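In the numbering used here, the protein residues as written are 668 to 1070. By construction, the Cβ of each residue, glycine as well, lies at the ideal position given by its N, Cα and C atoms. For clarity, every value in this text was computed on a predicted model and none was experimentally measured.
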């Protein structure tokens, strides 16, 4: 059972899209306490994915810290920010959660019929997290031991090897965020009192995105443009039809909050950079791509002709991604830039461009329209499900059809 690295990355993106570092923990799944399988790794997923894959194949369970750490450890004192509140149902039914007024944003099936649920939150400080977790456990009958803010839970895309191996999988992903009040948690008043206000809820048509603006405030003057672009990307995903007046109100509040850091006195500078970013966004927050990637079946066998092409792991990942994109597009074409392809498979965009070129050369893809400027290239996936074993035969057939 081979790990599904695409699903793992998609889960991490769904949990905290802006995160550039994670804390991963591995343990022996068979209870043997084999020391060589116990690892704590901090950093980007693409940096550690190969090591996590090998550890999982060797018998380790792969876990991730739900909440952000300082990169030095994973004890309570190392938690620096609350991403989500969560519950390990430990065999309790999932339906009461799904039918509640505030259903979880993410549901993970960790073993057959056993689920973890996550609610992304905007206003939970460190002190309020554990009372909130305990309240969720009482409400839904979850695992009472799973009540500390430093908890690690199983990472989807990796095998759970206690008993019969089971691929941990994402069962549900929904956009959005809650406040503790939305969840009906009695701890929310304390969190409201402790959290610095970052809401722009007075802006009626975009109030739903103002509750977590603090996440998009820069921590240095050099982070201003990047933070504004991230804010534009989020807003374009959540409120694509927002008026200029709505957006201006949001950016005005952002500028006021960011001013002590960015040192740019003129609002017009921030407003202009935001609007340039708004126009440049090509993949808005919450776009269908992340959910699409979770649908890829990494266990499905590839046609023998594809295997005969002799690609390595990233090449075959790219093939699976393109095949899924084609399923989504039906008989039409799909858009894919080299930069986006590189991000999806963990390669630099120049290598991804060469790999896409190889797929076209070998008859896996048809290049319909070459990209230009900000427009991504358009492709069709044309390799038949049962191609001939000799890749040259398929290439000759593709050339003949094009002639």
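The DSSP assignment places complete beta strand (DSSP E) segments of no fewer than 3 residues inside the stretch 989 to 1057 at 1001 to 1003, 1032 to 1036 and 1044 to 1048, in order along the chain. Per DSSP, reduced to three states, the secondary structure at residue 710 is strand.
For residue 1046, the number of other beta carbons within 10 angstroms of its own is at least 16, and it is reported as buried. For residue 922, the enclosing alpha helix (DSSP H) covers residues 911 to 929. Residue 841 carries a coil assignment under DSSP once its states are collapsed to helix, strand and coil. Scanning the stretch 669 to 700 for uninterrupted beta strand (DSSP E) segments of 3 residues or longer gives 689 to 695, listed from N- to C-terminal end.
Judged by their CB atoms, residue 752 and residue 682 are not nearer to each other than the 7 angstroms cut-off. Rounded to whole angstroms, the gap between the alpha carbons of residue 743 and residue 815 is 8 angstroms. In the DSSP assignment, residue 820 is bridged to 731. Taking the Cβ atoms as the reference, residue 849 lies roughly 5 angstroms from residue 769, within the contact range of under 8 angstroms. Two segments are said to touch when three or more pairs of C-beta atoms, one from each, lie closer than 8 angstroms; by this definition the stretch 684 to 696 touches the stretch 726 to 739.
Taking residue 732 as the centre and dropping the five residues before and after it, the same chain places the C-beta of 690, 741 and 819 closer than 6 angstroms to its C-beta, in chain order.
With 16 or more other Cβ atoms from the protein chains shown falling within 10 Å of its own Cβ, residue 671 counts as buried. Three or more beta-carbon pairs drawn from the stretch 775 to 794 and the stretch 746 to 763 are found closer than 8 angstroms, and the two stretches are therefore classed as touching.
Sequence-distant Cβ neighbours of residue 828 in its own chain, meaning closer than 7 angstroms and more than five residues away, are 696, 697, 726 and 728.
Excluding sequence positions up to five before and after residue 896, its CB lies within less than 6 angstroms of the CB of 944, all in the same chain and listed in chain order. A direct Cα-Cα distance of roughly 32 angstroms separates residue 883 from residue 756.
Within the stretch 762 to 838, complete beta strand (DSSP E) segments of at least 3 residues are found at 773 to 778, 781 to 787 and 819 to 821, given in chain order. Taking one beta carbon from each stretch, the stretch 1003 to 1019 and the stretch 979 to 988 have 3 or more pairs nearer than 8 angstroms; the two touch. If you draw a straight line from the Cα of residue 948 to the Cα of residue 702, it comes to about 46 angstroms. By the Cβ-count criterion, residue 1024 is exposed, with fewer than 16 other Cβ atoms from all chains shown falling within 10 Å of its own Cβ.
Contact fails between the stretch 705 to 713 and the stretch 794 to 810, because fewer than three Cβ pairs, one in each stretch, are under 8 angstroms apart.
Distance between residue 771 and residue 735, taken at the CA atoms: about 19 angstroms.
Taking residue 750 as reference, the option from 779, 843, 1039 and 914 with the minimal CA-CA separation is 843. Of all alpha-carbon atoms in 720, 794, 1028 and 898, the one lying nearest the alpha-carbon of residue 676 is that of 720. In the DSSP assignment, residue 948 falls outside any beta strand (DSSP E), carrying neither H nor E. Cβ-Cβ distances below 7 angstroms link residue 715 to 691 and 708 in the same chain, with the five nearest sequence neighbours on each side left out; the list follows chain order. Put simply, of 777, 826, 1050 and 1019 the residue whose alpha carbon is nearest the alpha carbon of residue 1033 is 1050.
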